[in-house]
Amino acid sequence: MPGKELSSPCMDCRDNESIFLIRSRRLCRDCYTRFVGYKVLRRTEQYRLRKSVPGAARGKLLLPLSCGLASSVLLHMIHTQMKEQRSRPHAPDGFDLHVLTIDPQSISSSNLPLGEVLESLQQRFPLASFTQLSLHTIWELVPDLRDVFPGYAGEDFRDDSSLSPKERLDAFRASISSNTSAADVDSVLLTRLIVAFAKSINCFGIIWGDSDDRLAAKTLASVAKGRGSSLTWQVSDGMTPFGLEFSFPLRDLFTAELQNYADSFSELADIIIPDAPFSDNILTKNLSIDQLMLRYVSSQGAKYPGVMSNVTRTANKLQASRMSTNGSRCALCDTFICNSKGVYSQTPRTATTDPKYSSLPELCYACDRSRPGLS
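Numbering follows our numbering, with no gaps: position 86 of the sequence shown is 230.
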C-alpha cells in the first residue's frame, strides 16, 4: 500500500508534514523541538557530564524564572533533558536544578501575581526545586546594602528603619527619578539578590533565560549605560566576579523560535505570562535605554536576524580586562572598579576631599552615573 503523499515533507525525517520554518529548513513538530532542544543541550552538556562538584555529589544550578516566554521554555527544555538523562542506566550524576522566582508585585504593584502558576510549576516539573522571594529580601541576603543606599541616593533620601523592609526599599527606588537609572538600579538589585540566593544554597552556577535578541538588546544597552566592561559576564558564558558561573543556553535562539517551541507544548500555555505589548503612545524620552534597545532589537531583529546575532557573538568574544587590581569593588553592583591607570579606586568625582562627598560609597563608573542628580 503506497504511503501517504505529503505536500511539504519534513526535511529531516521525511515522514511527517512540515509545520515550522527554521533557518531555511522546513521541519515537523518533533524534528523542530529536537533541533531547538539540541542547541540548549549543547550548552548545558558541560554541567551534565561533571564528575564531581565540591561539597555535593551532584552539582546544583539556579534558574531564575520570570514566567516569561524565554525562561519558561528554558525550564521545560532543561527539565526534559534531566528526565531523559535520569531514565538511563549508569548515567552521570548530572546536576540538580533549583528554580527561583521573584514576586512580580514586589517589583511593581501593576504586575500580576504568580498565584496558581507556582502550584502548576511544581506539579509539571517535579525534578526541580522551587523558591519564591520578594525583592525586599535583598535586605536579608545582602545586608551591606543598608549602608550603601543612603549615600547613593543622596541628600533627598532618608532611610527610615521603622518602616517595613518593602517600604524602605520602595522609598529608595522612588528616590531615583530617571527612567534609565531606575531600570539600571533595579537590574543591579535583581542580579545581586539572585546571586546572593544562589550562594546561600551552594549553587555553582546560574543559567539565564535570555534569547539571542534579548542578549543583543542587553549588549547595546549596557554599552550605552557605561557598563561595557561587564559584558564579559552579563551576556557571555563563563565565570563572573561573583564567583559563580553564568550561562545563557538560549543564546543561539530567537524569540520567534522560542514561541514556536512553546506553541508545541500545551502545558506551557498555563505557565507563560505574555509580555505587555509595546505601546506607540509612549514618548521616546519617557523610555529607559533598556526599553529603547529592546524595542529596536525586536523590530529590526525580525528583519535582520543575522545582524542581531552578530552583536551577541561579537560581545561573546570579548575578554575581561587584564589591568592590575587590588580587589576594590563597587558598593552597589559588587563588580571591580578601575580607572585608566589600572588602579582600582573611586571615580574621580567621588574620590575628592570635599566633605560633601565624604559619605559616598565607592562606586564604579556606571553606578556613579546612575546616581540621582547625575543621570
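Glycine included, each C-beta is placed from N, C-alpha and C at the ideal position.
Segment contact: the stretch 334–354 against the stretch 205–224, three or more CB-CB distances shorter than 8 Å; contact assigned.
Scanning LEU436, ALA365 and SER308 for the CA closest to the CA of LEU279 turns up SER308. Separation of the CB atoms of VAL217 and LEU359 is rounded to 15 Å, and the pair is thereby denied contact status at 8 Å. Between ASP300 and SER325, the CB-CB gap reaches or exceeds 8 Å. Bounds of the beta strand (DSSP E) holding ILE350 are 349–351. In the displayed model, THR456 falls within a helix according to three-state DSSP. Residue burial annotation: PHE164 is buried, with at least 16 other C-beta atoms found within 10 angstroms of its C-beta.
Note on the stretch 259–301: whole beta strand (DSSP E) runs with a minimum of 3 residues are 272–277, in chain order.
If you draw a straight line from the Cα of LEU462 to the Cα of GLY372, it comes to about 10 Å. Per the DSSP secondary-structure output, LYS310 pairs with nothing in a beta bridge. In the displayed model, THR324 falls within a helix according to three-state DSSP.
By the Cβ criterion, the stretch 165–181 is in contact with the stretch 403–423, since at least three pairs of Cβ atoms, one from each stretch, lie closer than 8 Å.
When secondary structure is reduced to three states using DSSP, MET383 falls in the strand class.
Spatial neighbours of CYS154 in its own chain (CB-CB distance under 6 Å, excluding positions within 5 residues in sequence) are listed in chain order as ASN160, SER162, LEU171, CYS172 and CYS175. The Cβ-Cβ distance between TYR296 and ARG457 does not fall below 8 Å. In the structure shown, the three-state DSSP call for THR245 is strand. ASP240 is bridged by DSSP to LYS204. Apart from sequence neighbours up to five positions away, the residues of its chain that approach VAL339 with a beta-carbon distance below 6 Å are PHE386, ordered along the chain. Relative to the Cα of ASP247, the nearest Cα in the group LEU150, ASP240, LEU258 and SER254 belongs to LEU258.
The C-alpha of VAL332 is placed about 12 Å away from the C-alpha of VAL286. Collapsing the DSSP output to three states places LEU504 in coil. In the three-state scheme derived from DSSP, where H, G and I count as helix and E and B as strand, LEU171 is classed as strand. Remark: fewer than three beta-carbon pairs, one from each stretch, lie closer than 8 Å, so the stretch 362–379 and the stretch 266–281 are not flagged as touching. For ILE166, the uninterrupted beta strand (DSSP E) run begins and ends at 164–166, by DSSP. Annotation for GLU401: the continuous alpha helix (DSSP H) segment containing it runs 399–407.
THR376 is the residue among THR376, ASP396 and LYS369 whose C-alpha sits nearest the C-alpha of ALA464. The beta-bridge partner set that DSSP reports for ARG513 is empty.
Residues ILE433 and MET437 of the same chain have their beta carbon placed closer than 8 Å to that of ALA368, with the five preceding and five following residues left out of the count. Listed as beta-bridge partners of ARG358 by DSSP are no residues whatsoever. Cβ contact annotation for SER380 (same chain, cutoff 8 Å, sequence separation greater than five): PHE390, PHE392, ALA459, ASN460 and LEU462, in chain order.
Measuring C-alpha to C-alpha distances from ASN454 to each of ALA475, MET226 and ARG395 identifies ARG395 as the nearest. With a cutoff of 8 Å on beta-carbon distance, ASP156 and LYS204 are scored as not near each other.
Here THR275 is not near HIS223, since their CB atoms are 8 Å or more apart. The three-state secondary structure of SER210, taken from DSSP, is coil. Partner residues in the beta bridge of GLU161, as assigned by DSSP, are PRO153.
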